[in-house]
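Pasting the structure below:
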């Protein structure tokens, strides 16, 4: 989602000397642990907080729902010591085997809790991001756009997004694992609460935040570099924005995979991995990094990198498609309203 996978950026609007609106496209995607979520262009001038929340929520839900089977594969491929029956060569082979041996709907288990978490998480992110971006830009660079304001707004919005999404991530990933004992969300929530306490739902929160900061930085730099080549005039060009965003998201996803592997371990608390950790539950990022290395060496940090990258690329395309739809819809309604006055 590179808003809040889920890169901070988007189209920021300022006023030119002739009074017309100008926009410069920045990074389109952030990475929850999730997976990654998009950071959209600013919606048309005059859009309300409700508009930002609805647009962000729908985009986030659609992105997560459409890409959920790949997310399931990614979670399994990041397992440090998978069951022999859950060792996969690639994403397509994994998806085929899961469906063939565990049922057609197995890759979708846990989708309901993901959609439930993604809606409010993305709504909070975009409402907070748009509000803070405008407020800080007016202070730092009145009448114009400020990259500092955009970055600061994205970071604060990320705190809210991840806080809302992290419990859903914990439940989702435990339900995605091979031979998961949980068939219903309520069973998983009850078991985690009773056996590990409420803190288990936020065990990977700091890792999630730590992962999102470098993801955003890498995504933004890569995106701007590609835009210099694909769109040097910096005109609005949908194809260049989608291609640059997808490539930048893929690079950022690949580089931050070690942090995502640690986040998955903190969320799932794999029993085989726990056997190598004498302290019992893995409770922090340092402990997770140490356990990953003890179990699988350096290569273990990049488990599931293929699935993570494959997940990220179409996620960006979906995010931009949803954004464009809402921009068109909102702009059309505004024009109709103004014409009717």
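Residue numbers (the UniProt record's numbering): 1 to 341. All C-beta atoms, glycine included, are put in the ideal place defined by N, C-alpha and C.
query                                                                                                                            : result
Under 8 Å between C-beta atoms of residue 265 and residue 244                                                                    : no
Buried/exposed call for residue 229, threshold 16 Cβ in 10 Å                                                                     : exposed
Alpha-carbon to alpha-carbon, residue 207 and residue 148                                                                        : 24 Å
Local Cβ density within 10 Å of residue 71, reported as buried at 16 or more and exposed below that                              : buried
Beta-carbon contacts of residue 66 that lie in its chain and below 7 Å, excluding the five residues immediately before and after : 318
Cβ distance (whole Å) where residue 248 is taken to contact residue 305 below 8 Å                                                : About 16 Å; that fails the 8 Å criterion.
Member of 232, 267, 238 and 212 whose CA lies at the smallest distance from the CA of residue 252                                : 212
Backbone CA spacing between residue 171 and residue 233 [nearest angstrom]                                                       : 45 Å
Residue 258: first and last residue of the uninterrupted alpha helix (DSSP H) it sits in                                         : 257–268
Three-state secondary structure assigned by DSSP to residue 56                                                                   : helix
Burial state of residue 89, where buried means 16 or more other Cβ atoms lie within 10 Å                                         : exposed
Exposure label - residue 93; buried when at least 16 CB within 10 Å                                                              : exposed
Alpha helix (DSSP H) segments (min. 4 residues) lying fully within the UniProt repeat "Solcar" (47–135)                          : 49–66, 68–77 and 91–102
Residues near residue 209 by beta carbon distance below 8 Å, same chain, minus five either side                                  : 158, 159 and 162
Own chain, CB closer than 6 Å to residue 237, minus 5 neighbours either side, in chain order                                     : 231
Residue 293 - containing alpha helix (DSSP H), residue span                                                                      : 285–296
Residue 195 burial status per 10 Å Cβ neighbour count (16 or more: buried)                                                       : exposed
Given 8 Å, three or more beta-carbon pairs between the region 131–145 and the region 109–118                                     : no
Extent of the continuous alpha helix (DSSP H) run through residue 299                                                            : Residue 299 -> no alpha helix (DSSP H), and no H or E assigned at all.
Best match in 82, 221 and 91 for proximity to residue 73 [C-alpha to C-alpha]                                                    : 91
Between the CA atoms of residue 294 and residue 96 - distance to the nearest angstrom                                            : 31 Å
Status (buried if at least 16 other CB within 10 Å, exposed otherwise) for residue 179                                           : exposed
Beta carbon of residue 326 nearer than 8 Å to that of residue 55                                                                 : yes
Check whether residue 127 and residue 53 have beta carbons under 8 Å apart                                                       : yes
Through-space distance from residue 59 to residue 174, alpha-carbon basis                                                        : 24 Å
Closest residue to residue 132 among 119, 155 and 308 (Cα-Cα distance)                                                           : 155
Residue interval of the alpha helix (DSSP H) (run including residue 190)                                                         : 185–196
Residue 2, buried or exposed, once every other Cβ within 10 Å from all chains shown has been counted against 16                  : Confidence in residue 2 is poor, its pLDDT being 44 and thus under 50, which makes the residue's placement unreliable; the coordinate value appears in the next sentence. Buried.
Residues of its chain near residue 268, where Cβ-Cβ distance is below 7 Å and the 5 sequence neighbours each way are ignored     : 173, 174 and 177
Coil, strand or helix - residue 315 by DSSP                                                                                      : helix
Cβ neighbour criterion (16 or more within 10 Å) applied to residue 183                                                           : exposed
Other residues of its chain near residue 98: CB distance less than 6 Å, five sequence neighbours each side excluded              : 106 and 107
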